[in-house]
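Per our numbering: the sequence shown = residues 303 to 555. In this text, a Cβ means the ideal position worked out from N, Cα and C, and glycines have one as well. Here the structure is a predicted model, which is why all the values come from computation and not from measurement.
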Amino acid sequence: MPTENAAVSSLRPMPDDWQRALAVVAHPDDLEYGAAAAIAEWADAGREIGYLLVTRGEAGIDGLAPPACAAVREAEQRAAAAHVGVHAVEFLDGHRDGVIEAGTALRRDLAAAVRRHRPELLITLNHRDTWFGTQWNTPDHRVVGCAVLDAPADAGNRWIFPDLADTQGLAPWSGVRWTAVSGSPRPTHAAEVGPGIPRAVASLAAHTTYIKALTAPDQDPHAYARDFLDRSFARAAARHHGRPAVLFEVFRH
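Printed below as a string of structure tokens:
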């Protein structure tokens, strides 16, 4: 019978023969709770990485009305991205935080983004029903994650959304080779990290307003980010030879 350690050792290195990536998630901060350390090191290596947020996280702070919350969270996301070397940050319109709908409108927007950015790698957040096998995931994460997995086929087929080419000049793009899902309870690959960890901490801590609303007004965002990510990397190290890593479930296209 395979041992747990044998299963852990089966995690493979992330593909490295790519130059452009697009990270697509539902909310500001989704990438900062784990993937940002790997993104920082990829950016340092000269890879091109863009962020696409489906919402502005406007329903994320109980004491702040959605229009004001959206402005705050967009600004914090841009600051967070800059800490890990990402400066191309886009936000979609037409999708509401908390009630993102699966369907052709979302698929079309993601297909258009893939055609604009022409990535070889897509990055998204856990689309599975649970975190760690027992904690229920949110509808937004599930819907967006699945739509991202569908996006390479939609972006590459000229007949699914023909108006993207006809009215926007976005020619089909079939160059996506992988989608890497961060936070999945079924990881297949590991991106070992080291120098990217302090920048990932700073990136998460940049969500100052959100962290204080999530925890307590006197919570130090940097201490919160350090504690959360230390525990996250410790869990990953336990599954990957004792070395800090960002774990991904990788799908081929």
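Assigned exposure category for residue i - 16 Cβ within 10 Å defines buried
i	result
residue 411	buried
residue 405	exposed
residue 419	buried
residue 379	buried
residue 551	buried
residue 536	exposed
residue 387	buried
residue 496	exposed
residue 397	buried
residue 428	buried
residue 407	exposed
residue 489	buried
residue 315	exposed
Per-residue DSSP class, three states only, for residue i
i	result
residue 361	coil
residue 494	strand
residue 513	helix
residue 376	helix
residue 445	helix
residue 526	helix
residue 451	helix
residue 344	helix
Cutoff 6 Å; reference residue i; Cβ partners in own chain excluding five residues on either side
i	result
residue 542	313, 492
residue 358	372, 375, 376, 393
residue 462	456
residue 383	353, 391
Distance between beta carbons of residue j and residue i, contact taken as under 8 Å
i	j	result
residue 506	residue 335	7 Å
residue 362	residue 526	In fact, because the Cβ distance is near 16 Å, the residues do not count as touching under 8 Å.
residue 508	residue 385	6 Å
residue 482	residue 338	Rounded, the Cβ-Cβ distance is 13 Å, inconsistent with contact.
Own chain residues within Cβ distance below 8 Å of residue i, not counting five before or after
i	result
residue 310	For residue 310, the pLDDT reaches just 46, beneath the cut-off of 50, and the residue's location in the model is therefore unreliable, leaving the point undetermined.
residue 438	431, 432
residue 258	The requested residue 258 is not part of the displayed model; the chain covers only 303 to 555.
residue 517	526
residue 403	397, 445
Closer than 8 Å: residue i CB and nearest the ligand GTP heavy atom
i	result
residue 344	Questions concerning the ligand GTP fall outside what the structure shown contains, since it holds no ligand whatsoever.
Sequence-distant residues of the same chain with beta carbon closer than 7 Å to residue i, five excluded per side
i	result
residue 351	323, 325, 341, 344, 345, 388
Curious, which full-length beta strand (DSSP E) runs of at least 3 residues does the stretch 382 to 420 contain? 390 to 393
My parser needs the alpha helix (DSSP H) runs of 4 or more residues fully inside the stretch 456 to 483; what are they? 465 to 470
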